[in-house]
Amino acid sequence: MGVRDAVGDLRRIAFLLERANEATYRVRAFRSAAAALAALPAAELASRALAGTLTELSGVGEVTARCVTESLRGEEPVYLRRLLATEGADLDEAAAALRAALRGDCHTHSDWSDGGSPIEEMALAAAELGHEYLVLTDHSPKLTVARGLTAARLRKQLDHVAAINAALPAGFRILTGIEVDILADGSLDQDEELLARLDVVVGSVHSGLRDDRARMTRRMLTAIANPHLDILGHCTGRMVASRPAGVTGPGDRGHRARTRPPSDFDADAVFAACAEHGKAVEINSRPERQDPPKRLLRLAVEAGCLFAIDTDAHAPGQLDWQRFGCERAALCGVPAERVVNTWPAGELVDWAATHDA
Ligand SMILES: [Zn+2]
Ligand SMILES: [Zn+2]
Numbered sequence: 525m526g527v528r529d530a531v532g533d534l535r536r537i538a539f540l541l542e543r544a545n546e547a548t549y550r551v552r553a554f555r556s557a558a559a560a561l562a563a564l565p566a567a568e569l570a571s572r573a574l575a576g577t578l579t580e581l582s583g584v585g586e587v588t589a590r591c592v593t594e595s596l597r598g599e600e601p602v603y604l605r606r607l608l609a610t611e612g613a614d615l616d617e618a619a620a621a622l623r624a625a626l627r628g629d630c631h632t633h634s635d636w637s638d639g640g641s642p643i644e645e646m647a648l649a650a651a652e653l654g655h656e657y658l659v660l661t662d663h664s665p666k667l668t669v670a671r672g673l674t675a676a677r678l679r680k681q682l683d684h685v686a687a688i689n690a691a692l693p694a695g696f697r698i699l700t701g702i703e704v705d706i707l708a709d710g711s712l713d714q715d716e717e718l719l720a721r722l723d724v725v726v727g728s729v730h731s732g733l734r735d736d737r738a739r740m741t742r743r744m745l746t747a748i749a750n751p752h753l754d755i756l757g758h759c760t761g762r763m764v765a766s767r768p769a770g771v772t773g774p775g776d777r778g779h780r781a782r783t784r785p786p787s788d789f790d791a792d793a794v795f796a797a798c799a800e801h802g803k804a805v806e807i808n809s810r811p812e813r814q815d816p817p818k819r820l821l822r823l824a825v826e827a828g829c830l831f832a833i834d835t836d837a838h839a840p841g842q843l844d845w846q847r848f849g850c851e852r853a854a855l856c857g858v859p860a861e862r863v864v865n866t867w868p869a870g871e872l873v874d875w876a877a878t879h880d881a
């Protein structure tokens, strides 16, 4: 029989998590489950897996029980498979290659909303970093704390960008965009006509982050299905740590440093919808966001999603933060060809336009 060593699989997962420097509580979950199950007669293990009563055992949770059930069916547990996908890869090398492949940044802010610098300075800094384009994505009206742009101000910004573009170095351009709020009902916080006109639309949840799971899932699915949305921004909204030293002052309005748990939604459904609609999942590079968390990022890779490795920069120096996102992407096995900002500007804009068609 092709029955696998279920306890061995749990230990292997714990080992790989430790090696990847994952949180201790997560490693401990697998180690304690392995210890609890190793003490059990094989027949009882099998009958409990069949009956779905493994979680009644102390030390065995939903995730570990699922791994055991898959092992006993003779399958490689999905959790293990995801970890093995990046095993043996030289992650530093993979992250550097990914960073080198990036041609632009799809999520940036200027002093028109809560950024600290004029559009021109952001553009020149991006050009100096070797980018071919910068998508300017200032906030939308309802995010008043970040001075979100009304339709009238956004129209004015579009004229301004056209003028700046004419004066920028050849081979570099600002693409128009927005970070539009995903409202409580999943609709997008800007005029249709404007959303249709923009090159790239990032949609993010900034309010009601504690919505219950069903409500948040519905809200996100509605937004992803909206033809104007191209990239799903910082999908969990979590804040993992206070901002790095030196990052204060202008550019921080509306983004106070505090930790915040990830919002709760059905990640399988959300990533499946992104894959189905050809929308990209943002890998947000901000050190205090690191969003999505690695577990979800691996899930999105497996779901076949596209990605955008973005800085969400609110100041020129932050445009260099892409390497943080590249490290997490490499760790989770994100293939470069599925990262939309490795594509030339024309291809990126064409891709975004297919959603509006
Ligand atoms: Zn902002
Ligand atoms: Zn945001």
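Okay, so the sequence shown: first residue is 525 according to my numbering, each after it adds one.
Yeah, the Cβ is synthetic: ideal placement off N, Cα and C, and Gly gets one too.
1. So does S731 have its beta carbon nearer than 7 Å to some heavy atom of ligand 1?
2. Buried or exposed for N545, please, with buried defined as at least 16 other CB atoms from any protein chain shown within 10 angstroms of its CB.
3. Considering Cα atoms alone, identify which of G695, R677 and H663 is closest to L707.
4. If you measure from the CB of A839, is any heavy atom of ligand 1 nearer than 7 Å?
5. On the DSSP letters alone, give me the boundaries of the alpha helix (DSSP H) that D616 sits inside.
6. Does the beta-carbon of E703, which I'm using as the reference point, lie nearer than 7 Å to any heavy atom of ligand 2?
7. In the structure shown, what three-state DSSP assignment does A686 receive?
8. So the candidates are V873, P868, P816 and V858; which of them puts its Cα closest to the Cα of A619?
9. To the nearest angstrom, report how far apart P565 and G576 are at their CA atoms.
10. What three-state label does DSSP hand G841 in the structure shown?
11. Note the first and the last residue of the continuous beta strand (DSSP E) segment covering R528.
12. DSSP beta-bridge partners for H663?
13. Can you tell which of P665, E871 and A624 has the C-alpha that lies nearest to the C-alpha of L653?
14. Quick check: is any heavy atom of ligand 2 less than 7 Å from the C-beta of H752?
15. Go through the stretch 632–656 residue by residue and report every complete run of the beta strand (DSSP E) that reaches 3 residues or more, in order.
16. Could you check if H758 belongs to the surroundings of ligand 2, using beta carbon to heavy atom distance under 7 Å?
17. Counting only runs that start and end within the stretch 807–876, where is the beta strand (DSSP E) found for 3 or more residues in a row?
18. Count the other CB atoms within 10 Å of the CB of G770; is the residue buried (16 or more) or exposed (fewer)?
19. Can you give the Cα-Cα distance for A860 and D874, rounded to whole angstroms?
On the basis of the data shown:
1. no
2. Exposed.
3. H663
4. no
5. L615 to A625
6. yes
7. helix
8. V858
9. About 16 Å.
10. helix
11. Element bounds for R528: n/a, residue is neither H nor E.
12. DSSP links H663 through a beta bridge to E703.
13. A624
14. no
15. As far as the stretch 632–656 is concerned, it has no whole beta strand (DSSP E) run of at least 3 residues.
16. yes
17. Counting only runs of 3+ residues, the beta strand (DSSP E) found wholly inside the stretch 807–876 occupies 830–834, in chain order.
18. With a pLDDT of 47 at G770, under the threshold of 50, the modelled position of this residue cannot be trusted, and the question is left open.
19. 18 Å
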